[in-house]
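Here's the structure, in structure tokens; my notes come after.
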Amino acid sequence: MKRLFFLFLIVLTLSVQAQHRSSMYKDGEIQLVPDAAYAKHTDLNQLFPDASQSEPAKSRGVVRSMVVAPDGSVFMSLRTKHLICKFDKQGNFVKTFGKKGGKKPCDFIYEPTVQGILDGKCVYTTAVDGRMHFFDLNGNWVKTITLKYMPLNTYPLKGGKIAIVGFCVGKQNRTSVRILDFRTGVEREIFSEIQPNQDNASIVITPNSRGEIDSEGKYHVATSYKPPVIGCSLPFSHDMYFRVRVAAATDGSLIVANPSNGQITVYNPQGQKIKQFTADIRPEVITKEDREEYYQKAVRELKKLEDDVLKSDKNKEYWNEYIYQYKAQLYKFRDPASYPDHLPYFSEMMIDEDNNILLFRFTREEGSNKFDVYTYDHKGVRIASSSFVSDSYELKINPAVFRFHNRCIYSYVSKKDAGSNGYELVKFNLR
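Each number in our numbering comes from the position in the sequence shown (counting from 1) with 21 added on.
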């Protein structure tokens with residue numbers, strides 16, 4: 022099964038202006054037309070040379086995040102350089118700010134991710150160490166707040182409040198949603214859930230120690246020794262697919278959407294629940310045929326690795342042990358217990374400036390970003406279907422780089438068939 026997006030949209034009746042956007046969604050297809058004058062003289066390949074630099078299996082440089090300020094200026098993270106880039110409302114490069122270090126509160130110890138604009142005054146970042154850096158819109162450092170957990174995602178509310186999806190590691194991994202007060206640093210937890218153990222849904226390799234094979238021939242990690250572990254999640258089984266998503270309406274209300282059950286909950290900036298409903302979505306399931314497809318693919322990849330190891334003289338003991346342990350766990354690909362009961366109801370959530378909630382869902386339909394429009398009430402009645410289309414760009418439907426502002430969409434996208442050197446900062450008009 023391929024992971025693709027199907028967008029479900031639920032309309033919040035928090036603004037009468039939503040009627041205009043809802044009417045556009047009812048047209049069946051929304052064309053994203055790039056503004057030819059925007060960022061015309063900005064060469065992102067020169068500004069961001071790291072786009073072509075890569076780690077195993079992915080390009081770090083392509084991983085970006087961006088936010089749009091009230092005046093239309095854009096802030097984007099240049100993570101591998103520990104910098105923030107600012108562009109003006111025409112998309113022209115203005116400056117970079119921030120620096121790598123650890124001696125001063127304003128330094129970035131780890132790669133920063135731009136997250137939001139707080140009350141129109143501060144742009145802020147997060148990092149895996151829990152440090153949140155706040156800068157004014159000219160790039161001057163204002164404040165650093167250190168959290169006691171890893172922030173996965175955040176969203177600015179009104180009145181100096183920030184919603185944070187956090188992740189705590191322990192005997193039981195836990196995901197929570199908290200509302201942070203910028204002025205006092207005080208947090209209020211409004212949602213929390215335990216994440217399931219991932220060992221059964223993963224291929225677990227302990228390369229420095231042979232594991233144990235039980236009487237049924239199944240592999241278990243050795244309990245007497247805890248060497249470095251290499252984990253590989255089975256398709257669609259990682260808990261990141263099921264962690265809650267957050268966004269905010271124009272009035273500062275916080276929307277928390279749960280991919281596990283399709284439940285949508287709205288809170289005010291103080292963390293009090295306002296309303297709740299469940300989206301009328303039927304999530305897909307992983308079938309026996311899907312599991313067999315995953316199993317056969319894993320067998321082919323393992324055979325290729327065995328052939329490569331036979332041809333090489335490097336680290337043979339390590340790779341032979343790796344193959345032995347991986348082969349002993351191949352049964353997991355066929356085991357229904359290795360997979361969730363169903364796929365997530367959606368993969369991401371976004372909100373446009375008319376307070377329409379966009380939920381992107383998994384589907385087998387390749388290349389689809391269709392979405393259905395629902396009214397925001399206890400039933401969530403479907404009223405329309407639509408889709409986004411671009412003739413020249415590969416749309417990246419990701420809230421980190423797909424931002425609604427002033428009836429337009431700002432995005433960091435690549436031209437079709439252009440590869441890692443074709444990324445641009447684009448302002449799309451909707452038609």
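Glycine is no exception: its CB is placed at the ideal position from the N, C-alpha and C atoms. Note that this is a predicted model, so its numbers are computed, not measured.
Does the beta-carbon of residue 154 have 16 or more other beta-carbons within 10 angstroms, so that it is buried, or is it exposed? Label assigned to residue 154: buried.
Express the C-alpha separation of residue 98 and residue 125 in angstroms, rounding to a whole number. Roughly 20 Å separates the two Cα atoms.
Could you tell me how far apart the beta carbons of residue 156 and residue 173 are, in whole angstroms, since I believe they sit closer than 8 Å? For residue 156 against residue 173, the beta-carbon gap comes to about 21 Å, at or over 8 Å, which does not count as contact.
Kindly identify the DSSP beta-bridge partner or partners of residue 145. Within the DSSP bridge table, the entry for residue 145 names 137, 155 as partners.
Would you grab the beta carbon distance between residue 371 and residue 278 for me? Rounded to a whole angstrom, and I think it's under 8 Å. Their Cβ separation, rounded to whole angstroms, is 10 Å, which puts residue 371 and residue 278 out of contact at 8 Å.
For the beta strand (DSSP E) that residue 267 lies in, which residues bound it at each end? In this chain, the beta strand (DSSP E) harbouring residue 267 covers 266-269.
Can you tell me whether residue 107 is buried or exposed, with buried defined as 16 or more other CB within 10 angstroms of its CB? With 16 or more other CB atoms across the displayed protein chains lying within 10 angstroms of its CB, residue 107 is buried.
Looking only at its own chain, which residues have a Cβ that is under 8 Å from the Cβ of residue 137, when we skip the five neighbours before and after it? If we look at residue 137 and ignore the five residues flanking it on each side, its Cβ neighbours are 88, 144, 145, 175, 176, 177, 183.
Do residue 355 and residue 313 count as a contact pair if the criterion is CB distance below 8 Å? Cβ distance < 8 Å, so residue 313 and residue 355 count as in contact.
Pair within 8 Å by beta-carbon distance, residue 50 and residue 407: Using a Cβ distance threshold of 8 Å, residue 50 and residue 407 count as a contacting pair.
Look up residue 202 in the DSSP assignment and give the residues it is bridged to. Residue pairing by DSSP places residue 202 opposite 182 in a beta bridge.
Among 134, 115, 95, which one has its Cα closest to the Cα of residue 101? Out of 134, 115, 95, 134 has the C-alpha closest to the C-alpha of residue 101.
By Cβ distance, which residues of its chain are closer than 8 Å to residue 289, with the 5 residues on each side in sequence left out? Cβ-Cβ distances below 8 Å link residue 289 to 273, 274, 275, 295 in the same chain, with the five nearest sequence neighbours on each side left out; the list follows chain order.
Quick one: using the 10 Å Cβ neighbour count with 16 as the cut-off for buried, is residue 376 buried or exposed? Sixteen is the threshold: when 16 or more other Cβ atoms of the shown chains lie within 10 Å of the Cβ of residue 376, as they do, the residue is buried.
Close-in-space but distant-in-sequence residues of the same chain around residue 167 (CB under 6 Å, 5 per side omitted): For residue 167, where only same-chain residues beyond five positions count, the Cβ hits under 6 Å are 151, 152.
With a threshold of 16 other CB atoms inside 10 Å of the CB of residue 331, please say whether the residue is buried or exposed. Burial call: exposed.
If residue 267 sits next to residue 207, beta carbons under 8 Å apart, how far is it from one beta carbon to the other, in whole angstroms? The beta-carbon separation of residue 267 and residue 207, rounded to 18 Å, does not stay under the 8 Å limit for a contact.
Name the one or two DSSP bridge partners that residue 213 has. DSSP, once it has assigned bridges, lists 197 as partnering residue 213.
For residue 366 versus residue 269, is the C-beta distance shorter than 8 Å? Against a cut-off of 8 Å, the Cβ pair of residue 269 and residue 366 comes out as no contact.
Return the Cβ separation of residue 254 and residue 281 in integer angstroms, given the expectation that the two are a contact with Cβ distance under 8 Å. Distance from residue 254 to residue 281 at the Cβ level is roughly 16 Å; contact not present, criterion being Cβ atoms closer than 8 Å.
Alpha carbon of residue 363 to alpha carbon of residue 160, nearest angstrom: Each residue's alpha carbon lies about 45 Å from the other.
Closer than 7 Å by C-beta to residue 292: which residues in its own chain qualify, once you throw out the five before and the five after it? Chain order, please. The beta carbon of residue 292 is closer than 7 Å to those of 200, 209, 211 in its chain, skipping five residues each way along the sequence.
So, under 8 Å CB-CB, residue 409 and residue 53 are touching, yes? Tell me the CB distance rounded to an integer number of Å. About 6 Å separates the Cβ atoms of residue 409 and residue 53, confirming a contact at the 8 Å cut-off.
Just how far apart, CA to CA, sit residue 361 and residue 216? If you take the alpha carbons of residue 361 and residue 216, they lie about 12 Å apart.
From residue 435 to residue 308, what does the alpha carbon distance come to, in whole angstroms? Residue 435 and residue 308: Cα-Cα distance of roughly 34 Å.
How about residue 116 and residue 129: are their beta carbons less than 8 Å apart? No, they are not a contact pair.
Helix, strand or coil at residue 330 [DSSP, three-state]: Annotated three-state conformation of residue 330 is helix, per DSSP.
Taking the straight line between their C-alpha atoms, what separation do you get for residue 104 and residue 340? Rounded to whole angstroms, residue 104 and residue 340 show a C-alpha spacing of 38 Å.
Cα-Cα separation between residue 139 and residue 202, rounded to whole angstroms: Roughly 11 Å between the two C-alpha positions.
Going by beta carbon distance, what residues of the same chain come within less than 6 Å of residue 180, once the five residues before and after it are set aside? Leaving aside the five residues that flank residue 180 on each side, the residues in its chain whose CB is nearer than 6 Å to its CB run, in chain order, 290.
Could you have a look at residue 67 and say whether DSSP puts it in helix, strand or coil? Residue 67 falls in the helix class under three-state DSSP.
Between the Cα of residue 148 and the Cα atoms of 305, 194, 86, 109, which residue gives the shortest distance? Measuring from the Cα of residue 148, the nearest candidate turns out to be 86.
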